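Only one structure is covered here, and it is reproduced in the block below.
2 protein chains.
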Amino acid sequence: MGDHVSGKGLKRAQLARWTGCNLETIRYYEKIGMMPEPPRTASGYRVYDATHVARLRFILRGRELGFSIEELRGLMRLVDRGTQTCAEVKAMTDQHLADVRAKIADLKRIEKVLAATAAQCSGEEVPECPVLEALAS
Amino acid sequence: MGDHVSGKGLKRAQLARWTGCNLETIRYYEKIGMMPEPPRTASGYRVYDATHVARLRFILRGRELGFSIEELRGLMRLVDRGTQTCAEVKAMTDQHLADVRAKIADLKRIEKVLAATAAQCSGEEVPECPVLEALAS
DNA sequence: ATAAGGTCTGTAGCAACTACAGACTCAAGA
DNA sequence: TCTTGAGTCTGTAGTTGCTACAGACCTTAT
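So the sequence lines, in the order shown, correspond to chains A and B.
So that you can map any letter, position 134 of the first sequence is 134 in my numbering, and since no number is skipped, the others follow by simple counting.
So that you can map any letter, position 134 of the second sequence is 1134 in my numbering, and since no number is skipped, the others follow by simple counting.
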């Protein structure tokens, strides 16, 4: 099938390879309305162009940064309408950043407890274990 | 209905309040075999005792520390058989700790990118936004 | 012509819950 | 005694974000 961009139009697997996205995930994003429905060949195959590549990259990059699908949907709606403002986007980003920091704090708390407890383990072939005691407490 | 421990035996809502667990989650843990099936009253109501309280606390504490249901199932199987050793439990804990640290690292990476990008925002009512540019890149 | 691969659809599965509908039971007040 | 309100029962569906099938097409290369 050859992966060179022949004139124009990518098939689904090509878009997947191009963006690093999973094949099925592309169809999923279309189903939930994150990706526009692409035109089809006469036999029903999806045909993607540069706008689809850009859109998918936007989603993937957003997901990498931990934005939820709904957050990204909101961002994209603004952009699609051309009504986005830096103020609004920054507010969403700051909110998301706060969520991320809260998650980090939570994981650090967990890490502390686990590390402190595991440090008390003898690591021997004995039934007593500080970890189990911590869970049973 | 009164929430004092009348002689012995808690109903489901009492166990929930006692442990801070969600009402439905108790039934869920029973369904997936994390909690033993409790005895029932003549009319079919579940009746819990101290062993159920202890078991549920174990699960909830483990979940708070980020252990998966399957990890906890493994731990509990060992304990139920009395075959657990500190060595084995410590190994599971260390593995889990490594997972937690990996998650922290990932979130910190995200935090850095978000903070750095948001810091470049003007925050004004203008359409250009560094966050959107970062997502589109 | 045929075989191998790509694509199509719909659907089911994952984790770990959470919530609801509709039926039943139980205890207390009028 | 009747009623009312709360608690409980069951099964099932929804959540988030994918991922992976099955079975039917289509396309391409040999």
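Beta carbons are placed, not taken as given, at the ideal position from N, Cα and C, and that holds for glycine.
These figures come from a predicted structure and were not determined experimentally.
Within the segment 1047–1061 of chain B, A1054, R1057, F1058, R1061 place their CB atoms closer than 8 Å to a CB of chain A, listed in sequence order. Taking the Cα positions, G123 of chain A is about 58 Å away from D80 of chain A. Contact annotation: L1135 of chain B and L75 of chain A have beta-carbon atoms nearer than 9 Å. By the rule that beta-carbons nearer than 9 Å mark a contact, D1080 of chain B does not touch chain A. Under a criterion of Cβ atoms nearer than 7 Å, the residues of chain A adjacent to C1086 of chain B are, in order, C121, S122, G123, E124, V126, E128, C129.
P127 of chain A is positioned such that its CB atom lies no closer than 9 Å to that of T1051 of chain B. In this structure, the CA atom of R73 of chain A is about 28 Å from the CA atom of T41 of chain A.
Nearest CB-CB separation between G66 of chain A and chain B: below the 9 Å threshold.
In this structure, the straight-line span from the alpha carbon of E1064 of chain B to that of L114 of chain A is close to 11 Å. At a cut-off of 9 Å, the C-beta of R1101 of chain B has a neighbouring C-beta in chain A.
The alpha-carbon of V131 of chain A is positioned some 11 Å away from that of A1087 of chain B.
A direct Cα-Cα distance of roughly 37 Å separates E1070 of chain B from Q14 of chain A. One finds K90, T93, D94, L97 in chain A with Cβ atoms closer than 7 Å to the Cβ of A1118 of chain B, taken in chain order. Listed along chain A, the residues sitting closer than 8 Å to K1108 of chain B by beta-carbon distance are I104.
Chain B places a beta carbon closer than 9 Å to that of S137 of chain A, counting this residue as a contact. Excluding residues up to 5 positions away in sequence, L10, L15, P38 lie with their Cβ nearer than 6 Å to the Cβ of Y48 of chain A in the same chain. The continuous alpha helix (DSSP H) containing F1058 of chain B extends over residues 1050–1064. Interface annotation, E1070 of chain B: not in contact with chain A, CB-CB separation never under 9 Å.
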